[in-house]
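So the structure is just underneath, and the comments pick up after that.
Numbering (my numbering), first residue to last: 716 to 853.
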């Protein structure tokens with residue numbers, strides 16, 4: 716299912732979610748934003764979530780990433796809520812940037828199927844391309 720929703724601060728997110736017989740499997744939030752265009756960006760919200768989690772936060776995987784001419788990071792964490800959502804276990808965030816525009820993909824697990832969730836997000840990332848006809852925005 717694809718939809719838009721507002722977070723706790725009123726910022727709109729494009730969301731992709733998957734349901735199965737047990738209910739909501741995962742929710743993927745997709746945010747495209749100017750790095751210096753707002754006082755608080757989705758990457759700031761992610762950082763705040765990690766800091767607020769404190770000792771509960773654990774990194775499962777972390778790596779740099781280069782994709783579609785953009786660079787950034789790919790991190791999977793446990794114990795970190797995002798936008799009032801507590802993942803069942805893992806939350807994966809992939810941040811890509813050209814140093815003007817940022818793209819943040821945040822996958823929040825509701826059911827623990829890590830291999831399937833990695834495959835779902837990776838298949839979405841594989842389709843990513845940078846549009847250059849609109850001033851370089853993604």
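The C-beta atom is built at its ideal place from N, Cα and C for all residues, glycine as well.
| Query | Result |
| --- | --- |
| Range covered by the alpha helix (DSSP H) that runs through residue 751 | Counting along the chain, residue 751 falls outside any alpha helix (DSSP H), and DSSP gives it neither H nor E. |
| Residue environment, residue 832, which counts as buried when at least 16 other CB atoms sit within 10 Å | buried |
| Span of the beta strand (DSSP E) around residue 727 | 727-735 |
| Beta-ladder partner(s) of residue 776, from DSSP | 791 |
| Beta-carbon proximity of residue 794 to residue 758, cut-off 9 angstroms | no |
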